[in-house]
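So the structure is just underneath, and the comments pick up after that.
Protein chains: 2
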Amino acid sequence: MNKVILLNKRPVGKPTTDDFKFIEEENPIIQEGQVLLKTLYVSVDPYLRGRMSSAKSYVAPFELNKPIQSGVIAEVIVSKNLDFKVGDFVSARLDWKEVQVSDGKHLLKVDGNAAPLSAYLGILGMTGLTAYLGLTEIGKPKAGETLVVSGAAGAVGSIVGQIGKILGCRVIGLAGSDEKNRILTSKFGFDAAINYKTTTDMKTAIANAAPNGVDIYFDNVGGDISDAVLANVNQLARVPVCGAISVYNETEVPMGPRIQTTLVKSSILMQGFVVSNYAAKFPEAIKQLTTWLQEGKLTYIETIVNGFDQIPQAFIDLFEGKNEGKMIVKI
Amino acid sequence: MNKVILLNKRPVGKPTTDDFKFIEEENPIIQEGQVLLKTLYVSVDPYLRGRMSSAKSYVAPFELNKPIQSGVIAEVIVSKNLDFKVGDFVSARLDWKEVQVSDGKHLLKVDGNAAPLSAYLGILGMTGLTAYLGLTEIGKPKAGETLVVSGAAGAVGSIVGQIGKILGCRVIGLAGSDEKNRILTSKFGFDAAINYKTTTDMKTAIANAAPNGVDIYFDNVGGDISDAVLANVNQLARVPVCGAISVYNETEVPMGPRIQTTLVKSSILMQGFVVSNYAAKFPEAIKQLTTWLQEGKLTYIETIVNGFDQIPQAFIDLFEGKNEGKMIVKI
Chain A
1 MNKVILLNKR
11 PVGKPTTDDF
21 KFIEEENPII
31 QEGQVLLKTL
41 YVSVDPYLRG
51 RMSSAKSYVA
61 PFELNKPIQS
71 GVIAEVIVSK
81 NLDFKVGDFV
91 SARLDWKEVQ
101 VSDGKHLLKV
111 DGNAAPLSAY
121 LGILGMTGLT
131 AYLGLTEIGK
141 PKAGETLVVS
151 GAAGAVGSIV
161 GQIGKILGCR
171 VIGLAGSDEK
181 NRILTSKFGF
191 DAAINYKTTT
201 DMKTAIANAA
211 PNGVDIYFDN
221 VGGDISDAVL
231 ANVNQLARVP
241 VCGAISVYNE
251 TEVPMGPRIQ
261 TTLVKSSILM
271 QGFVVSNYAA
281 KFPEAIKQLT
291 TWLQEGKLTY
301 IETIVNGFDQ
311 IPQAFIDLFE
321 GKNEGKMIVK
331 I
Chain B
1 MNKVILLNKR
11 PVGKPTTDDF
21 KFIEEENPII
31 QEGQVLLKTL
41 YVSVDPYLRG
51 RMSSAKSYVA
61 PFELNKPIQS
71 GVIAEVIVSK
81 NLDFKVGDFV
91 SARLDWKEVQ
101 VSDGKHLLKV
111 DGNAAPLSAY
121 LGILGMTGLT
131 AYLGLTEIGK
141 PKAGETLVVS
151 GAAGAVGSIV
161 GQIGKILGCR
171 VIGLAGSDEK
181 NRILTSKFGF
191 DAAINYKTTT
201 DMKTAIANAA
211 PNGVDIYFDN
221 VGGDISDAVL
231 ANVNQLARVP
241 VCGAISVYNE
251 TEVPMGPRIQ
261 TTLVKSSILM
271 QGFVVSNYAA
281 KFPEAIKQLT
291 TWLQEGKLTY
301 IETIVNGFDQ
311 IPQAFIDLFE
321 GKNEGKMIVK
331 I
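As given, the protein sequences belong to chains A and B, one line each in that order. Under the UniProt record's numbering, the first sequence has 222 at position 222, and the numbering climbs by one with no breaks. Under the UniProt record's numbering, the second sequence has 100 at position 100, and the numbering climbs by one with no breaks.
If you want it as structure tokens, here you go:
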């Protein structure tokens, strides 16, 4: 029998294990042209919270009582498709199932010798692309500028900060524990890190860490933290808005200071994005990321949780900040 | 004696006549290289409210007990500068004085035969440039797209809408009276206009007027009206943020729904700007605006108030929406 995780109900506020349902189905049988895939690694990401609600967004909501999908690394265990052979590793957006059938379309082969397989869910996957393309296409960093990254110890944030350093910026990370901040400066080379949970006056703390003001704010979190950063931006600052994890679980529309006056006063560009906006640039971006990784200029951290049954809890733990770097479930 | 208007105190909330002080000074005497200018037309603009507060912004605040400045059309009445002769008309940012001395730098000669002099404060001045460059550089309209303009009957808004029509957009204006809305559709060619003061559900009204959603929102007002527009934006919408007149007089930081989630969900670009960001494009823009004006594709409305003493009241009236189109004081 094959284990499958369905969306049981749409989360209200913070997701709970009750929002998910485990079922077992007959193991699938494949047809000509298909492959059978065994799930090896599953990516859990904050953006999935959006797909669990019924609100209109850039991708269709998950359907109730249907499998949830996310980025998955799988191994081909049976093949009736000439493009794939048994033992191939592939990356794709796939169902949360132990094994599943694919027609081979949208499967990207990945090379387990060039990098660890899990890296293709992180630094060489959507995570790395999101960091690189959001920062370079919207943030447009110039050497000598100051970059602030929120959610800095997260999967995207830790890569954004490192790329900022490679490109010559002063980089300040905002994260929620002293341990995370220690890693930001010691492992990822950030110039400064601020613990937003223990700092009472974030606005002043950011001003102190950014004596020349903030030129780029890569925003993963939204909410109060972003208010404090926006109080410190320079003229013509750029704000790639990658996510707003601090408000994803709010049941009321979150309120905050209106920012239009700030945008006008300082001629700020603020742009929400999803990585697929820049699909045409993926090959170039992957090449650059791979080069930096091989040169040792980029590094990454994964939080790997073991076991198919742990996927929902790993997802829920994202909102508690229990991950450092990319959160991945190994099956 | 020469009348001068000083900033008496910084407005708290809505500006009042007490915030201004009239004084008289000796008529100035000019030196070699200078010209004496007689003020003919004075532009009053919402952005001046920002300069009256002490907050850091893109231009220095006005100083207390110093003359206020804005866009002015003046006539050269005495010249000891070879570049100017008596009877020349010039446009510049000048003091609120009946007459004043200039060294001739930063004076732009304008041709009273090519267009009425007051037009150089409006459609062929900063107002027209703000409309044209904000819409084209940030809004990037494409034929067939839907453009919503707030403050649509104002000086900038009425030009933005007309340019949107020239470029092939469906254009919807938001203004605060039925009379203004009638002018938007009858005189300026807007496809639809919504009275935000009498419409109870702006979100639905905009949805009805924009059946294909909103691709560009040219925002002059901020506040609740902008919330309603943002609830109707399409993927990859662009939002030039030109002003936020609805909140300029707030004494507390205005609160509203946080917009980061909307920005991410729909990959929206939101950019505050001032026209001087695009100074390099002024000549090209003026040329285009002049061509459209001469071709009869652009028209404009002015609210002209008479008398130097009326300048403060004309400025105050902007915040009551008493103007249609560009508000100008004729001396």
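Using N, Cα and C, we set each Cβ at its ideal position, and we do this for glycine too. All figures in this text were calculated on a predicted structure; none of them were measured in a lab.
Less than 8 Å between the C-beta atoms of residue i and residue j, yes or no?
| i | j | result |
| --- | --- | --- |
| V110 of chain B | L37 of chain B | no |
| T299 of chain A | K187 of chain A | yes |
| K97 of chain B | E32 of chain B | no |
| G71 of chain A | S91 of chain A | yes |
| I245 of chain B | V221 of chain B | yes |
| I311 of chain A | V44 of chain A | yes |
| L117 of chain A | Y41 of chain A | yes |
| L107 of chain A | I73 of chain A | no |
| I268 of chain A | V233 of chain A | yes |
| V35 of chain A | G87 of chain A | no |
| I194 of chain A | V101 of chain A | no |
| L289 of chain B | L82 of chain B | no |
| A143 of chain B | G168 of chain B | yes |
| Q235 of chain A | Y58 of chain B | yes |
| R49 of chain B | N277 of chain B | no |
| Y47 of chain B | G176 of chain B | no |
| I331 of chain A | F308 of chain A | yes |
| G256 of chain A | M255 of chain B | yes |
Given residue i, which residues of its chain have a CB within under 8 Å of its CB, disregarding the five upstream and five downstream residues?
| i | result |
| --- | --- |
| T251 of chain B | V12 and G13 |
| G161 of chain B | L147, V149, A152, V171, G173, L184, F188, G189 and F190 |
| E27 of chain A | It is worth fixing the name first, because residue 27 of chain A is Asn in this sequence and not Glu. Hits under 8 Å: M1, N2 and V99. |
| I316 of chain B | K14, P15, T16 and T17 |
| D19 of chain A | L7, N8, K9, R10, P11, M52 and P312 |
| D85 of chain A | The residue you asked about is not Asp; residue 85 of chain A is Lys in the sequence shown. Only V76 and S79 meet the Cβ criterion. |
Please work out which residues of its chain come closer than 7 Å, Cβ to Cβ, to residue i, disregarding the five sequence neighbours upstream and downstream, and give them in chain order.
| i | result |
| --- | --- |
| I163 of chain A | A131, Y132 and L135 |
| I138 of chain B | R238, P240, Q271 and F273 |
| A314 of chain A | V44, V305, M327 and V329 |
| I166 of chain A | W292 and K297 |
| I23 of chain B | V4 and L6 |
Per DSSP, what are the beta-bridge partners of residue i in this structure?
| i | result |
| --- | --- |
| R170 of chain B | B:T146 |
| P257 of chain B | A:M255 |
| E24 of chain B | B:K3 |
| Q162 of chain B | Paired residue(s): none; Q162 of chain B is not in a bridge. |
| G325 of chain B | B:G154 |
| R238 of chain B | B:I216 and B:L269 |
| V233 of chain A | A:V214 |
| K140 of chain B | K140 of chain B pairs with nothing; no bridge assigned. |
| K330 of chain A | A:Y41 and A:N306 |
Leaving out five residues on either side along the sequence, give the residues of the same chain with a beta carbon under 6 Å from the beta carbon of residue i.
| i | result |
| --- | --- |
| V253 of chain B | none |
| E75 of chain B | K38, L40 and F89 |
| W292 of chain B | L298 |
| Y217 of chain A | V148, V229 and V239 |
| K56 of chain B | none |
| K197 of chain B | G176 |
| T199 of chain A | A205 |
| A231 of chain B | K203 |
Do the region 49–64 of chain B and the region 7–25 of chain B make contact, defined as three or more Cβ pairs closer than 8 Å? Contact between the region 49–64 of chain B and the region 7–25 of chain B is present, because at least three Cβ pairs lie under 8 Å.
Say whether the region 176–184 of chain A touches the region 315–330 of chain A, bearing in mind that this needs 3 or more beta-carbon pairs closer than 8 Å, one atom from each stretch. Note that the region 176–184 of chain A touches the region 315–330 of chain A; at least 3 beta-carbon pairs, one per stretch, sit closer than 8 Å.
Enumerate, from N- to C-terminal direction, the unbroken alpha helix (DSSP H) stretches of 4 or more residues contained entirely within the region 90–132 of chain B. Whole alpha helix (DSSP H) segments, 4+ residues: zero.
Would you mind listing the alpha helix (DSSP H) stretches within the region 280–321 of chain A that are 4+ residues and don't spill past its ends, in chain order? Counting only runs of 4+ residues, the alpha helix (DSSP H) found wholly inside the region 280–321 of chain A occupies 282–294 and 311–318, in chain order.
What residue ranges within the region 174–229 of chain B form continuous alpha helix (DSSP H) runs of no fewer than 4 residues, ordered along the chain? List check, alpha helix (DSSP H) in window: 178–186 and 202–209.
Segment contact, 8 Å Cβ cut-off, at least three pairs: the region 222–237 of chain B with the region 249–265 of chain A: With the cut-off at 8 Å, the region 222–237 of chain B and the region 249–265 of chain A touch.
Ignoring anything shorter than 4 residues or poking outside the region 12–86 of chain B, list the alpha helix (DSSP H) runs there in chain order. When DSSP assignments are scanned along the region 12–86 of chain B, the uninterrupted stretches of alpha helix (DSSP H) that are 4 or more residues long and fall wholly within it turn out to be 48–52.
Does the count of Cβ pairs from the region 203–220 of chain B and the region 304–322 of chain B closer than 8 Å reach three? Flag = no, the region 203–220 of chain B and the region 304–322 of chain B do not touch.
Is the number of C-beta pairs between the region 113–128 of chain A and the region 289–304 of chain A that are closer than 8 Å three or more? With the cut-off at 8 Å, the region 113–128 of chain A and the region 289–304 of chain A touch.
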